[in-house]
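**Q** What follows is a structure written as structure tokens; I'll ask about it next.
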Amino acid sequence: MANPRQSVPENVAGDFFVDSTCIDCDACRQIAPQVFAEADETSYVHAQPVAAGDRRDAIHALLSCPTGSIGCLADDEVKAARNDFPLPVDGPVFYCGFNSPKSFGGNSYFVQREGGNWLIDSPKFLPVLARRLETLGGVSTIFLTHQDDVADARDYAAHFGARRVIHVEELSAQPDAEVVLHGVEAQEITPGCLVIPTPGHTAGHCCLLIDQKYLFTGDHLHWDRGAEHLAAHPNHCWYSWQEQIRSMRRLCDYPFEWVLPGHGQRVQLPATEMREQLERLVEAM
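Counting in my numbering, the sequence shown tops out at residue 288, every number present.
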């Protein structure tokens with residue numbers, strides 16, 4: 004729970020605040036940029052929310068903060084908002100919220116599918132979220148993009164009886180995973196759900212493309228809010244930048260309209276524009 008006595012000095016006065024335990028993971032700024040901003044490796048409240056929608060966004064950010072570094076003096080509002088999750092993104096795609104400190108605040112997603120629902124990477128395991136996912140049909144498959152963002156995947160797998168999918172190069176993070184991928188060839192796990200190995204950030208990093216529309220990119224690719232273009236950074240590459248460039252180039256072969264990252268801003272663009280953005284990124288890497 005955030006401590007008002009440790010409130011960072013950049014906060015403007017009001018109900019919401021960020022304290023000094025913030026790890027600068029960016030989750031709150033993705034959810035409520037109208038409220039939260041960045042300064043000196045921390046988030047802070049740059050504008051207190053007034054409108055009901057802005058307050059709700061700020062509370063969603065509070066609940067998604069992996070380190071509990073955001074506080075609100077209106078506790079009743081916070082309790083009521085817990086049942087909002089997972090938050091709808093587009094069509095069958097939802098953002099889980101409740102980001103985990105085990106994944107440095109990585110985003111996770113829930114996707115409804117006729118053949119069984121998917122969880123992409125893992126949030127904190129919380130009974131309130133598990134119950135909400137149950138009402139949406141439960142989880143049959145948990146796709147893990149890479150070892151950094153597995154968080155509480157084992158707990159969700161046990162709760163739902165779900166199978167976990169992970170590349171063999173990442174298997175040390177979930178050695179008892181039910182489905183282990185090999186190599187760098189794309190593989191369709193179920194109809195419309197294509198795993199695309201994208202080594203670079205880590206040796207066995209993979210993306211997931213659903214219905215040639217939604218690309219779940221883990222830590223491989225994200226949208227840069229400030230520069231307004233697709234981005235990847237060598238200082239966040241733990242295995243091989245040259246491999247990541249080759250992996251990025253391979254993504255140009257696939258049509259998609261959404262980039263849904265583990266870290267960084269998500270974005271929707273027309274497929275043609277998305278490909279143009281991706282080609283420009285490859286040239287710049």
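We put the CB at the ideal spot given by N, CA and C, even for glycine. Note that the coordinates shown come from a computational prediction; the quantities given were computed from them, not determined experimentally.
(1) Rounded to whole angstroms, what is the Cα-Cα separation between Cys196 and Ala35?
(2) For Ala127, count neighbouring C-beta atoms within 10 Å of its own C-beta (all shown protein chains included) and say buried if the count is 16 or more, exposed if not.
(3) Helix, strand or coil for Tyr159, going by three-state DSSP, please let me know.
(4) By a C-beta neighbour count over all protein chains shown, 10 Å radius and 16 as the cutoff for buried, is Phe275 buried or exposed?
(5) Less than 8 Å between C-beta atoms, sequence neighbours within five positions excluded: which residues of the same chain meet that for Asp27?
(6) Run through DSSP, which three-state label would Gln280 get?
(7) Give the DSSP-derived three-state secondary structure of Ala89 in the structure shown.
(8) Just to confirm, is the Cβ distance from Thr24 to Ala55 under 9 Å?
(9) On a Cα-Cα basis, can you pick out the residue from Pro12, Asp18, Asp93 that is closest to Tyr217?
(10) Within the continuous alpha helix (DSSP H) that includes Val81, where are the two ends?
(11) Mind pulling the alpha helix (DSSP H) runs of 4 or more residues that sit fully within the region 46-75?
(12) What's the gap between the Cα of Leu2 and the Cα of Cys99?
(13) Count Cβ pairs between the region 100-116 and the region 141-160 that sit closer than 8 Å; are there 3 or more?
(14) Strictly by DSSP, which residues pair up with Leu122?
(15) Under a three-way DSSP split, which group does Trp241 fall into?
(16) Using a threshold of 9 Å, state whether the C-beta atoms of Phe19 and Val11 are closer than that.
(17) Can you tell which of Arg85, His204, Ala206, Pro200 has its C-alpha closest to the C-alpha of Leu212?
(18) With which residues is Ser23 paired in a DSSP beta bridge?
(19) Beta-carbon within less than 7 Å of Phe97's beta-carbon, same chain only, minus the 5 sequence neighbours each way: which residues are those?
(20) From the DSSP secondary-structure annotation, give me the bridge partner or partners of Ala30.
(21) Please go through the same chain and pick out, in chain order, the residues whose beta-carbon is closer than 6 Å to the beta-carbon of Ile169, but skip the five residues on each side of it.
(22) Indicate whether Ala30 and Cys68 have their beta-carbon atoms separated by less than 9 Å.
**A** In terms of the structure at hand:
(1) Looking at the backbone, the Cα of Cys196 and that of Ala35 are separated by about 30 Å.
(2) The sequence shown places Lys at residue 127, rather than the Ala named in the question. Answer is buried; the Cβ neighbour count reaches 16.
(3) Correct three-state label for Tyr159: helix.
(4) For clarity, residue 275 is Thr in the given sequence; the question names Phe instead. Exposed.
(5) For Asp27, where only same-chain residues beyond five positions count, the Cβ hits under 8 Å are Glu41, Glu44, Thr45, Ser46.
(6) Gln280 falls in the helix class under three-state DSSP.
(7) It is Pro, not Ala, that sits at residue 89 in the sequence shown. In the three-state reduction of the DSSP assignment, Pro89 falls in the coil class.
(8) No, these two residues do not count as a Cβ contact at 9 Å.
(9) Measuring from the Cα of Tyr217, the nearest candidate turns out to be Asp93.
(10) Its alpha helix (DSSP H) spans residues 78-84.
(11) Taken in chain order, the complete alpha helix (DSSP H) segments of 4 or more residues contained in the region 46-75 are 55-67.
(12) The structure shown does not extend to residue 2, since the chain is modelled only from 4 through 288, so no value can be given for it.
(13) In this structure the region 100-116 touches the region 141-160; the number of beta carbon pairs closer than 8 Å is three or more.
(14) For Leu122, DSSP records a beta bridge to Phe113, Ile145.
(15) Of the three classes helix, strand and coil, the one that applies to Trp241 here is coil, per DSSP.
(16) Going by C-beta atoms, Phe19 is not nearer than 9 Å to Val11.
(17) For the set Arg85, His204, Ala206, Pro200, the Cα lying nearest the Cα of Leu212 is the one of Pro200.
(18) By DSSP's assignment, Ser23 forms no beta bridge with any residue.
(19) Taken in chain order, the residues that qualify are Pro89, Leu90, Pro91, Tyr112, Phe113.
(20) DSSP output for Ala30 lists no bridge partner at all.
(21) Within the same chain, Ile169 has close Cβ partners Leu147, Gln177, Ala180.
(22) Taking C-beta atoms as the reference points, Ala30 and Cys68 count as a pair closer than 9 Å.
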